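If you read the protein sequences in the order shown, they are chains A and B.
Per this note's numbering, the first sequence starts with residue 1, numbered consecutively.
Per this note's numbering, the second sequence starts with residue 1001, numbered consecutively.
Heads up, the thing below is written out as structure tokens.
Protein chains: 2
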Amino acid sequence: MALQNDSFLQACRGLRPSRTPVWMMRQAGRYLPEYREVRSKVSFTELCRTPELCAEVTLQPIDILGVDAAILFSDILVVLDALGVEVIFDPAPRIEAPVRTVADVDRIRWGDPREEVAYVYAAVRACKAALADRVPLIGFCGAPFTTLSYLVEGKGSRDFEHIKGLCFREPGVFHGLMERMTDLLIVYLKAQVEAGADALQIFDSWAGALAPDDYREHVLPHLHRLVVEVQGASVPVICFARGNANLLAEVATIPADVIGIDWSITLADAISVVGPERVVQGNLDPMVLLADAALIERKARAIVEAGKGARAHIFNLGHGISRHTDPGLARHLIEVVHSA
Amino acid sequence: MALQNDSFLQACRGLRPSRTPVWMMRQAGRYLPEYREVRSKVSFTELCRTPELCAEVTLQPIDILGVDAAILFSDILVVLDALGVEVIFDPAPRIEAPVRTVADVDRIRWGDPREEVAYVYAAVRACKAALADRVPLIGFCGAPFTTLSYLVEGKGSRDFEHIKGLCFREPGVFHGLMERMTDLLIVYLKAQVEAGADALQIFDSWAGALAPDDYREHVLPHLHRLVVEVQGASVPVICFARGNANLLAEVATIPADVIGIDWSITLADAISVVGPERVVQGNLDPMVLLADAALIERKARAIVEAGKGARAHIFNLGHGISRHTDPGLARHLIEVVHSA
Chain A
1 MALQNDSFLQ
11 ACRGLRPSRT
21 PVWMMRQAGR
31 YLPEYREVRS
41 KVSFTELCRT
51 PELCAEVTLQ
61 PIDILGVDAA
71 ILFSDILVVL
81 DALGVEVIFD
91 PAPRIEAPVR
101 TVADVDRIRW
111 GDPREEVAYV
121 YAAVRACKAA
131 LADRVPLIGF
141 CGAPFTTLSY
151 LVEGKGSRDF
161 EHIKGLCFRE
171 PGVFHGLMER
181 MTDLLIVYLK
191 AQVEAGADAL
201 QIFDSWAGAL
211 APDDYREHVL
221 PHLHRLVVEV
231 QGASVPVICF
241 ARGNANLLAE
251 VATIPADVIG
261 IDWSITLADA
271 ISVVGPERVV
281 QGNLDPMVLL
291 ADAALIERKA
301 RAIVEAGKGA
311 RAHIFNLGHG
321 ISRHTDPGLA
331 RHLIEVVHSA
Chain B
1001 MALQNDSFLQ
1011 ACRGLRPSRT
1021 PVWMMRQAGR
1031 YLPEYREVRS
1041 KVSFTELCRT
1051 PELCAEVTLQ
1061 PIDILGVDAA
1071 ILFSDILVVL
1081 DALGVEVIFD
1091 PAPRIEAPVR
1101 TVADVDRIRW
1111 GDPREEVAYV
1121 YAAVRACKAA
1131 LADRVPLIGF
1141 CGAPFTTLSY
1151 LVEGKGSRDF
1161 EHIKGLCFRE
1171 PGVFHGLMER
1181 MTDLLIVYLK
1191 AQVEAGADAL
1201 QIFDSWAGAL
1211 APDDYREHVL
1221 PHLHRLVVEV
1231 QGASVPVICF
1241 ARGNANLLAE
1251 VATIPADVIG
1261 IDWSITLADA
1271 ISVVGPERVV
1281 QGNLDPMVLL
1291 ADAALIERKA
1301 RAIVEAGKGA
1311 RAHIFNLGHG
1321 ISRHTDPGLA
1331 RHLIEVVHSA
């Protein structure tokens, strides 16, 4: 069935729809009273595991803000259910027994994500049904490095001592883990596409933990393989490595359909690094939404203008939207982008 | 009196001493048993306020590791004593009553750092006496943005919502604060030089909180003024803006004697951004010290080699040394750099 609004997918494919498509990372979230209403009744984990509620919150920003794509409400860490690893969200994610030693590594149970996280694909199907082809649905996962980092660090980190210690001291063990994590994520993303996802985004949220040489040597080959394998599922793939704009030249060697840009670099500079033949997504600093309509307009228009230097441009924030954002200003941003 | 080892100062002045000078950020710290021994008897705050103990721990890495410069043992936040703002270290710094509103801003008491933090200059004098001209002593401060960010956020932050909210919503108030903070830091650094500091480092540890356009507009002019004013005190100034290597081109517009480079960019790339006529300092990822001697040697030699592309190079880490570092491996690094 044809989508009523396929401007996002057109841009993913390198075309230039009549207006710049826009969605926002974490667009279904705590800044929306409608989301908080749903969350007041269930835990974050229950919400992720209840397809009807996932669909409800996934659709909220479509109705309220008028964005051009929906992104499945879920979390990059739910895939760890396939390993039997419990993630506690309070609200930041935390793992009780992180993988630190070679013995811990040997104990990992690599389950089949087709069976173990079936609720994710059920949520994809529920979202697709609820969307009724209004806009496309984006599925997603964390990149192998980011997912593995959570498994090893056990929580968010400033210094990434454990994962980097493992990578530097036991590169063989590290690569074995990256290999298996990549295998897992390939299956996980393909299953999301089979359930109906129209595009995929891979979040390497912690890419900036490694210096460029180390990222190139230890991470990039696995991310590359993940992207290429899931592109076989025939939906566009967005690759978003966050935290060090200086890695962009490395990331651009991956043939992802779209390269996500965080806010730490001007979009014009990012396009000159990745090349004008690539499709880019980004990159307004989400904290600009804490200001006023005038600043939002000025910054958003500058980004739309810069995006004209790329083959195609999907407007987004350069990081997830802040929970302190006024939904009215978020909506204003969407209107500004559409009318720019 | 002439220094016995002035290789660090030679490099600051653009000369190339016979061997690459090296020191390490946070070199007087928890990874050293000798430091932990001192700290077992006094709190961090007491240590900063006791000149004899400051001198003792400041000299430890000179004796134990053989580094080519000492850096005053202190913290970038002690200068907030001049504002009557108490900083609690447990161990991360925290401020009970951060500055959030315009009313909070009006209540700030801008004391004279010459009087209010006299213990810092006493510590500088004690360090100089204890060093007996073996190696130079580096004084330091946080950059205006980083210092102000702590005052406004009240603690370390991932998103810097409060300081960025202030900057975007109340740019006039923000600039007034940056102006006064810069004035304060000029006095503070000059007083350190009068007490005997041979060089100064300015840490813009949170530079990466802002997008390049915003950093250029809101932060750079103040940092520029600070550097130029304290250069009038006739000691070399190192400017180290951390967290977004993509800001380097901006930072390089400041005529600091030395530009500090964090580990998020290869040193060769950093030199090509700042220009081969500049002196650079950096930039080994401190987590490499958690590996083994072989990896440390390989990485350190590559950095010394890359440093030859600059006018002069001071070897350093690209961030503070980890407290989990084996002092034997830290010493090995110093030897590798000296023999490379």
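Glycine included, every Cβ here is placed at the ideal spot set by N, Cα and C.
In this text the structure is predicted, and so the values were computed from the model without any measurement.
Is the shortest distance between the beta-carbon of residue i and the beta-carbons of chain B less than 8 Å?
i      : result
N5/A   : no
A245/A : yes
R208/A : Note on residue identity: the sequence assigns Gly, not Arg, to residue 208/A. Yes, because at least one Cβ of chain B sits closer than 8 Å to the Cβ of G208/A.
V280/A : no
Tell me residue i's beta-bridge partners as DSSP assigns them.
i       : result
V1258/B : I1238/B and V1279/B
H1162/B : BP columns for H1162/B are empty, so no partner.
H1313/B : V1280/B
K155/A  : R94/A
F1089/B : P1093/B
L1027/B : Per the sequence shown, the amino acid found at residue 1027/B is Gln instead of Leu. DSSP lists no partner for Q1027/B.
I1071/B : I1138/B
V1230/B : Answer is none; V1230/B lacks a bridge partner.
V22/A   : F315/A
In chain B, what lies closer than 8 Å to residue i by C-beta?
i      : result
H313/A : Per Cβ cutoff of 8 Å: no residues; H313/A is ~17 Å from chain B at best.
W263/A : A1211
Could you please give the first and the last residue of the uninterrupted beta strand (DSSP E) stretch that includes residue i?
i       : result
G142/A  : L137 to G142
V288/A  : Careful: V288/A lies outside any beta strand (DSSP E) and carries neither H nor E.
Q1201/B : A1199 to D1204
Do you know how far the Cα of residue j is from the Cα of residue i?
i       : j       : result
W110/A  : V235/A  : 26 Å
E335/A  : Y35/A   : 21 Å
C1054/B : I1071/B : 10 Å
E115/A  : E96/A   : 23 Å
P1136/B : L1009/B : 7 Å
L166/A  : D106/A  : 14 Å
A294/A  : R311/A  : 28 Å
D292/A  : N316/A  : 18 Å
D81/A   : L223/A  : 21 Å
V274/A  : V1079/B : 43 Å
P1093/B : P91/A   : 23 Å
L1059/B : W1023/B : 12 Å
G1142/B : A103/A  : 43 Å
L151/A  : P98/A   : 6 Å
L1208/B : D1262/B : At residue 1208/B the sequence reads Gly, which differs from the Leu that was named. Using only the alpha carbons, I get a separation of about 11 Å.
T1020/B : E1297/B : 15 Å
M178/A  : V219/A  : 8 Å
L1329/B : A1122/B : 33 Å
V1304/B : S1272/B : 15 Å
If you follow the alpha helix (DSSP H) that residue i is part of, which residue opens it and which one closes it?
i       : result
P1113/B : P1113 to E1116
Q1010/B : S1007 to C1012
A249/A  : L248 to V251
I271/A  : L267 to V274
D1195/B : Rather than Asp, the amino acid found at residue 1195/B in this sequence is Ala. That run of the alpha helix (DSSP H) goes P1171 to A1195.
T1045/B : F1044 to R1049
V78/A   : Where V78/A is concerned, there is no enclosing alpha helix (DSSP H), given that its DSSP letter is neither H nor E.
D1214/B : P1212 to H1218
P1033/B : P1033 to R1039
D1133/B : Note, D1133/B: premise wrong, no alpha helix (DSSP H); not H, not E.
Name the chain A residues whose beta carbon is nearer than 9 Å to that of residue i?
i       : result
H1324/B : E161 and G165
V1304/B : Ordered by position in chain A, no residue passes the 9 Å Cβ test against V1304/B, which lies about 15 Å from the chain.
Give me the chain B residues within the contact set of residue i, using Cβ-Cβ distance strictly less than 7 Å, ordered along the chain.
i      : result
L295/A : F1168
Say whether chain A places a C-beta atom closer than 8 Å to the C-beta of residue i.
i       : result
M1024/B : no
A1069/B : no
D1285/B : yes
Determine the chain B residues that contact residue i at a beta-carbon separation under 9 Å, and present them in chain order.
i      : result
L290/A : E1161, K1164, G1165, F1168 and R1169
Against residue i, what residues of chain A qualify as contacts under a CB-to-CB distance less than 7 Å, listed in chain order?
i       : result
T1266/B : P212 and D213
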